[in-house]
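Chains as they are written, first to last, in the numbering used here: chain S, 6 to 135; chain B, -3 to 126.
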């Protein structure tokens, strides 16, 4: 039963991945901490682990067909992530779990604020999708 | 052409910074990348999401992941169980994204993240358990 719960959790997060074009870790880390009782460091390590295979590939193909992809910008972002991730994880491992959990909360708040600003109407933006 | 190259260079720099946050918090980075591509680089919303998915196809978190694995902070079982769900959910979500109003979706997601962030901060620093 426990296993099934984790699979379903992955499915729910996957919908968000396709919907928002994100990796899913931002939702899965808190889910693992609160629903599975994992410690913050292990939740983050596990989040990085599940993102190793190209799970967003299926979602990407659908964006690709609609020509909603800037390939070179994507490659630049991948390079930046690779390098930045190395240093960020070094910092995280040295922190205590509780502070890391709080810092993660602040990180989510920043992300939420950015999303909120971006969701305000912009000139030339279509009101509805597709 | 030069303009395009400069833009790509700036995107690389921005992604490196986002990558540090990604490694620090064990997330893919898409949740920051998508709004930043729109806000700073004038990407159209669907293109920003598609581009973010490109950046997440290679195992960009691998260096960060190895740091966590060396520190024994990975739950292999949970990670493996999450993978199939995220892949399938991703397909579903990306189809849904073509149909829903992206603005409303982002607002709902932003509010959701906001609540999650407050919860994380509260449970980490304000509630004194154990």
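Heads up, the beta-carbon is just placed ideally off N, CA and C, and yes, glycines get one too.
- Query: Would you say residue 101 of chain S faces chain B, with C-beta separation under 8 angstroms as the test?
  - Reply: no
- Message: Under 8 angstroms, with one C-beta from each stretch per pair, do the region 0 to 19 of chain B and the region 62 to 81 of chain S reach the 3-pair mark?
- Response: yes
- Task: Give the straight-line distance between the Cα atoms of residue 53 of chain B and residue 37 of chain S, rounded to the nearest whole angstrom.
- Result: 23 angstroms
- Item | Identity of the residue in S/31, S/40, S/50 nearest residue 7 of chain S by Cα | S/40
- Message: Can you give me the C-alpha to C-alpha distance between residue 76 of chain S and residue 25 of chain S, rounded to a whole angstrom?
- Response: 18 angstroms
- Task: Report buried or exposed for residue 21 of chain S, applying the criterion of at least 16 other Cβ atoms within 10 angstroms of its Cβ.
- Result: buried
- Query: For residue 94 of chain B, which option in S/119, S/64, S/49, S/108 has the closest C-alpha, if you only look at C-alpha atoms?
  - Reply: S/64
- Exposure label - residue 63 of chain B; buried when at least 16 CB within 10 Å: With 16 or more other Cβ atoms within 10 Å, it is buried.
- Name the residues in the region 7 to 21 of chain B whose C-beta lies less than 9 angstroms from a C-beta of chain S; which are they? Within the region 7 to 21 of chain B, the residues whose Cβ lies closer than 9 angstroms to some Cβ of chain S are 7, 8, 9, 10, 11, 12, 13, 14, 15, 16, 17, 18, 19, 20, 21, listed in chain order.
- Item | Close beta carbons around residue 28 of chain S, own chain, < 6 angstroms, minus the five adjacent residues each side | 56
- May I ask you to report which of helix, strand or coil DSSP gives residue 17 of chain B? In the structure shown, residue 17 of chain B falls within a helical segment according to DSSP collapsed to helix, strand and coil.
- Task: Out of B/13, B/68, B/49, state which residue places its alpha-carbon closest to the alpha-carbon of residue 48 of chain S.
- Result: B/68
- Message: If distances are taken between C-alpha atoms only, which option among B/29, B/18, B/31, B/30 comes closest to residue 34 of chain S?
- Response: B/18
- Would you call residue 102 of chain B buried or exposed, if buried means 16 or more other Cβ atoms sit within 10 Å of its Cβ? buried
- Task: Name, please, each residue of chain B whose Cβ falls closer than 7 angstroms to the Cβ of residue 81 of chain S.
- Result: The answer, in chain order, is 4, 7, 8, 11.
- Output the boundary residues of the alpha helix (DSSP H) element that contains residue 45 of chain B. 41 to 51
- Hey, residue 14 of chain B and residue 89 of chain S: beta-carbon distance below 8 angstroms or not? yes
- Should residue 73 of chain B be labelled buried (16 or more other beta-carbon atoms within 10 Å of its own) or exposed? exposed
- Where residue 60 of chain S and residue 91 of chain B are concerned, what is the direct C-alpha to C-alpha distance, given to the nearest angstrom? One Cα belongs to residue 60 of chain S, the other to residue 91 of chain B, and the distance between them is close to 15 angstroms.
- Classify residue 9 of chain B as helix, strand or coil using the three-state DSSP reduction. It is helical.
- Do the region 104 to 119 of chain B and the region 45 to 60 of chain B make contact, defined as three or more Cβ pairs closer than 8 angstroms? no
- In chain S, which residues lie with their C-beta within 7 angstroms of the C-beta of residue 77 of chain B? 8, 11, 12, 15
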